[in-house]
Each structure stands twice: as C-alpha cells, then as structure tokens.
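Notes for the one structure printed next.
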Amino acid sequence: MLENERLLYHVGQSFLPKQLTKQCFNALLIKITKIHKTFRQ
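Numbering (the numbering used here), first residue to last: 3 to 43.
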C-alpha cells in the first residue's frame, strides 16, 4: 500500500460507520485512489 492509501484507510476506519463492510470500503478506497492518480497526471 502507498502512504496515501494507508492514510486514507486509517482516516476512513476512524469516521466511517462500523456497519460498512470491508468490501464496500475497499471499493471506495479504489475509487479515491483512481481520482488521486488522475489528479497527479
């Protein structure tokens, strides 16, 4: 995992509802990561 992804993961874990499944969170993380990569280019 990249540092940004790790940071997003910890931030997400702290404020997202506990009911959110890991699969849903991972899908969200992938979308956020793709957006970050787009902005970097």
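We treat Cβ as the ideally placed atom computed from N, Cα and C, and that holds for glycine.
Since this is a predicted model, take the numbers as computed values, not measurements.
Three-state class that DSSP yields for residue i in the structure shown
i: T35; result: helix
i: L4; result: coil
i: T23; result: coil
Nearest neighbour of residue i, chosen from the options [CA to CA]
i: V55; options: H38, K39, Q25 and L31; result: Any question about residue 55 goes unanswered here, given that the chain covers just 3 to 43.
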